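Undergrad:
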Amino acid sequence: MAIHRNCEGMERRDCLKLGLGGILGGSFVSALGGRLNAETAAAKKTSCILVWLDGGPSHFETFDPKPDAPAEIRGEFHPIETKVPGLFFSEYMTKLADVADKLTIVRSVKHDQNNHGAGNHYMMTGAPTRIPVGCGAFVSFHPSMGSVVSAERGAPPGLPPYFSLPSMTRSGGPNFLGARHAPFVVGGDPSKESFKVRDVTIPKGLADGRVTSRRELRQSLDSMVRFNDQAAGDPVLGVDENYQQAVSLITSPEALKAFDIQQESDATRDLYGRHAHGHQALLARRLVEAGVPFVTLNNGGWDHHSDIFAAGFKKKGSEMDSVVAALIKDLDERGLLDTTLVIVMGEFGRTPKITTLSDRNTPGRDHWSSAMSVLVAGCKTPRGQVVGATDRNGYSAIENVYAPENLVSSVYLKLGINPDKILYTPAGRPTHLVSDSRPIAELMG
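If you read the sequence shown in the working numbering, its first letter stands for residue 3, the second for the next number, and so on.
#1: Could you tell me whether the Cβ atoms of Asn283 and Val325 are closer together than 7 Å?
#2: Ignoring anything shorter than 4 residues or poking outside the segment 389–439, list the alpha helix (DSSP H) runs there in chain order.
#3: Buried or exposed: where does Leu445 fall if 16 or more other Cβ atoms within 10 Å of its Cβ makes it buried?
#4: Can you tell which of Thr64, Gly180 and Ala269 has its C-alpha closest to the C-alpha of Pro428?
#5: Measure the CB-CB distance between His183 and Ser142 and report whether it falls below 7 Å.
#6: Determine the burial state of His80: buried for a count of at least 16 other Cβ atoms within 10 Å of its Cβ, exposed for fewer.
#7: On the DSSP letters alone, give me the boundaries of the beta strand (DSSP E) that Asn301 sits inside.
#8: So, helix, strand or coil for Gly128, using DSSP?
#9: Give the DSSP bridge partners of Cys50, in chain order.
#10: Among Gln115, Asp334 and Pro134, which one has its Cα closest to the Cα of Gly58?
#11: For Gly121 and Ala99, I'd like the C-alpha separation in whole angstroms.
#12: Val108 bridges to which residues according to DSSP?
#13: In three-state terms, what does DSSP make of Ala257?
#14: Relative to the C-alpha of Pro168, which candidate in Pro255, Val53, Lys416 and Asp309 has its C-alpha closest?
#15: Indicate the three-state DSSP secondary structure (helix, strand or coil) for Leu167 in the structure shown.
#16: What distance in whole Å lies between the Cβ atoms of Ile107 and Leu377, which are believed to be in contact at a cut-off of 8 Å?
#17: Do Val410 and Val436 have their CB atoms nearer than 7 Å?
#18: For the segment 158–166 and the segment 291–300, state whether three or more C-beta atom pairs, one from each stretch, are separated by less than 8 Å.
#19: With a threshold of 6 Å on Cβ separation, who are the neighbours of Phe186 within its own chain once the five nearest residues in sequence on each side are excluded?
#20: Out of Ala257, Ala260, Lys259 and Ala327, point me to the one whose CA is closest to His279's CA.
#21: Bridge partners of Arg352, per DSSP?
#22: Taking contact to mean at least 3 C-beta pairs separated by less than 8 Å, is the segment 90–97 in contact with the segment 59–70?
#23: Out of Ile75, Lys97, Ala102 and Val135, which one is the CA nearest neighbour of Val86?
#24: Compute the Euclidean distance between the alpha carbons of Ser49 and Asn363, then round it to the nearest angstrom.
#25: Determine which residues share a DSSP beta bridge with Ile82 and list them.
#26: Return helix, strand or coil for Phe65, following the three-state DSSP convention.
#27: Considering only residues of the same chain and omitting the five flanking positions on each side of Gly351, which have a CB-CB separation below 6 Å?
#28: Need the endpoints of the alpha helix (DSSP H) that Val290 sits in, please.
#29: Identify whether Thr357 lies in helix, strand or coil by the three-state DSSP scheme.
#30: Using three-state DSSP, classify Leu55 as helix, strand or coil.
#31: For Thr358, count neighbouring C-beta atoms within 10 Å of its own C-beta (all shown protein chains included) and say buried if the count is 16 or more, exposed if not.
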């Protein structure tokens, strides 16, 4: 499997970091109506698949082409028509153009965090970093969306509530929510016949009886009072939670069924593509089908300071286009798109002016947080629309401008979570789940 690095040389790898203890909940009220209602109850049955394009995908080469801009801005590609009259994508987004009538493109999210560490944190949590951080930093000042959903929604039978494939994003952890709300990371390539998920098969030499005996012995030891049982952030408690999760997965028929991707037809596997990214998306669909409320697909390699056209979008962009279109189409045909929110985004967009510096032999675009495009589909999101706009050269969002807080609030509302909720850290410090709980109105229907 290829290891993707951003411009700071940081590898895309599992970086599970334990949080500090649990949360004390504030009261839950309906953000829209001031009370629990039928819409909130229905939202409790929804799921989210976040396709995270790590590094920052170009809005020009995806969903916001600028054909009338000067050559050094518009780039090498041409706009193509989509299923929605008047909506144009860049030319290598062909399959998404064919399902544009099933999705919404938000062209007007912007922020001021122009490096990977801070931008990743802001988009993944809805909270800007409290202090300046470096581009290569792994930042955790606030719980990620997936961890919040884990804490608020809980787990389906026999499965964890939050998955990340094939690795965790740098700001995808639980922070003070605690280790139990970190993602269950599924590495490897699900398209291969030899694919197996860790902690879902009993190790060789351990029969069912020995697993049960060991679990009973551990439970007996755990019944003893430890001197630090009441301490916030007890690391032993975190290990215990991970152990119990592993045992549950080993003995869970629901988990074994969800991970058995060989049950899928050849036609479906071909639709997603016989490669790692395609089958990770297929596995994500199987997980939400089994009731998992949040799955992240961490797809690295989008930091295109150079080679943005040939390697960037003729190759990588085409693969993403095919995989995401297959996911949306498959969910819709199975009747799952109305209850599954699909989001495709990265930490920021790219600079309008194409750069070819002395140390780069191919053209590229640099970091640019003033403009980006976010794809949203499912969960009653109106279909076939564009939200907001950038200026004629793609420098900045100028119409119906939204912040990451508004996008994250929209996700929480669609998943039945009040974005205005107050959380409390183990030290008792209150913190808003999202500081600006207003959603993107056009996404809410």
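The C-beta atom is built at its ideal place from N, Cα and C for all residues, glycine as well. None of the values given here were measured: they were computed from a predicted structure.
TA: Reading it off the structure:
#1: One point to set straight first is that residue 283 is Ala, not Asn, in the sequence displayed. Their beta carbons are under 7 Å apart, which means Ala283 touches Val325 by this criterion.
#2: 406–416
#3: buried
#4: Gly180
#5: no
#6: exposed
#7: Phe296 to Asn301
#8: coil
#9: Phe296 and Leu343
#10: Gln115
#11: 28 Å
#12: Val376 and Val389
#13: helix
#14: Val53
#15: strand
#16: 6 Å
#17: yes
#18: yes
#19: Pro162 and Phe165
#20: Ala327
#21: His369
#22: yes
#23: Ala102
#24: 43 Å
#25: Phe91
#26: coil
#27: His61, Trp370, Ala373 and Met374
#28: Ala278 to Glu291
#29: strand
#30: strand
#31: exposed
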